[in-house]
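Please read the structure below before turning to the comments.
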Amino acid sequence: MADPANATEPEEAIAANVIMFSGSKDEQTSADVFDISSFDLPSDAGPGGAGGACTNSILSIVYNSGGEDMTWVELLRKMHDMMKEKGFEQVPQLSSSRVKDLNNKVQLIHPGGTGRTRAVLIGINYVGSNAELRGCWNDVESMKNWLVKQGFKEGPDNMKILLDDGFHMNPTGSNIMETFKWLAEGAEAGDSLFVHYSGHGGQMKDDNGDEADGMDETIIPVDFREAGQIRDDTILNNLVCRLPADVCLTVVMDCCHSGTVLDLPYIFKATDQTVGENAPPAMMMANPNFSLERVKRVAAEALAAYQKGGIGAAGKYLAAQVTAEDKAALKKCCTIA
């Protein structure tokens with residue numbers, strides 16, 4: 001890893017090529033759909049039933065609309081149209097660590113890379129809680145099936161699946177952080193990585209003054225009552241800033257308040273104005289909430305940990321204690337459709 005302290009551009013502070021699809025803006029909730037049959041997925045795509053609107057719109061489009069030759073902007077436009085047609089107000093977004101040409105083809109596998117793939121798939125239904133969801137396990141199964149068709153390999157050396165179903169690795173805060181550690185510490189130039197999260201997302205008051213809107217975006221592990229939420233700063237430190245150069249990481253965040261949960265410097269929001277009939281040519285824009293100084297600080301912390309020989313105990317990166325915000329987060333999270 002290069003020393004990020006002297007970085008003058010975002011690309012120097014974040015070495016890897018990171019791309020994230022999010023199903024909603026930071027201030028929006030995300031739909032948990034009772035029956036995804038209207039998404040017209042192939043019968044072998046997954047188990048059907050309930051699921052997340054973001055995950056299933058992506059899969060529906062790539063399966064039914066010539067996904068092999070689809071560009072990034074075409075996928076985003078079709079996601080926007082599908083969400084709008086189904087009555088969902090959430091706005092699909094693409095953010096990245098590089099200025100991406102949105103007219104290039106969607107590609108998950110590193111072109112000319114090592115051929116090595118790794119994926120982390122997380123689905124949390126919060127079974128037995130008053131915030132229970134219905135489709136997150138289904139989302140993970142469907143996403144896994146599609147990834148395999150794209151060339152991602154299965155097996156414990158290549159794919160980690162976390163579900164609160166009593167059979168898979170439990171998606172606790174520490175286990176989620178350990179799988180991020182597994183991705184980051186094992187990554188090499190030319191690798192193709194993927195993260196899919198389907199569950200609750202939230203917002204907490206910014207604890208270090210580095211968010212323009214005063215809020216940290218979070219993902220919510222199954223044991224959030226004990227471990228707290230996982231802040232965007234934590235994901236930035238333990239995953240994004242630890243990846244070496246020439247690694248490709250694609251992330252799908254199917255949760256509320258997920259627009260900038262990776263804190264990447266460039267962003268495109270699929271709205272009527274940007275992908276509608278009279279929209280101008282689609283272009284990535286600078287993320288107004290991105291702070292290079294913040295990323296340099298986080299990246300320097302990541303480098304220091306790397307030089308010491310590894311990441312410390314994952315739990316220390318979680319919220320120090322469970323707050324009233326943790327307990328209230330789920331009450332305002334998902335739209336049930």
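For the sequence shown, our numbering begins at 1 and goes up steadily by one. Glycine included, C-beta positions come from ideal geometry on N, C-alpha and C.
CA-CA distance, P244 to V18, rounds to 11 angstroms.
In the assembly as shown, E74 is a buried residue. Its beta-carbon has 16 or more other beta-carbons within 10 Å. S60 sits buried, since 16 or more C-beta atoms from the chains shown fall within 10 Å of its C-beta.
DSSP places A286 in the strand class (E or B) of the three-state scheme. Around the Cβ of A286, a 10 Å sphere holds fewer than 16 other Cβ atoms; the residue is exposed. For Q93, the uninterrupted beta strand (DSSP E) segment begins and ends at 93–96. Residue pairing by DSSP places C248 opposite N17, S192 in a beta bridge. Using a 10 angstroms sphere on the CB of P92, the tally of other CB atoms reaches 16 or more, which defines it as buried. The beta carbon of P171 sits closer than 8 angstroms to those of I122, G123, I124, L162, L163, D164, G199, P221, V222, all from its chain and outside the five residues before and after it, given in chain order.
In the pairwise beta carbon analysis, the region 180–199 is classified as touching the region 104–120: at least three pairs are separated by under 8 angstroms. In the DSSP assignment, S198 forms a beta bridge with G123, D254. Looking from the CA of M204, the closest CA among H196, G135, R231, L193 belongs to R231. The beta carbon of D191 lies closer than 8 angstroms to those of H110, G113, T114, R116, T117, R118, V247, C248 in the same chain, with the five residues before and after it left out. By the Cβ-count criterion, S65 is exposed, with fewer than 16 other Cβ atoms from all chains shown falling within 10 Å of its own Cβ. For L163, the enclosing beta strand (DSSP E) covers residues 159–163. The bridge partners DSSP lists for Y266 are S96, A286.
The continuous alpha helix (DSSP H) containing C136 extends over residues 136–149. Residue environment: S37 is assigned as exposed (fewer than 16 neighbouring CB atoms within 10 Å of its CB, all protein chains considered). In the three-state reduction of the DSSP assignment, S22 falls in the strand class.
The beta carbons of N56 and L76 sit about 16 angstroms from each other, so the pair does not count as a contact at 8 angstroms. Looking from the CA of V99, the closest CA among V275, I267, A227 belongs to I267. For V62, the enclosing alpha helix (DSSP H) covers residues 53–64. If you draw a straight line from the Cα of E132 to the Cα of Y126, it comes to about 5 angstroms.
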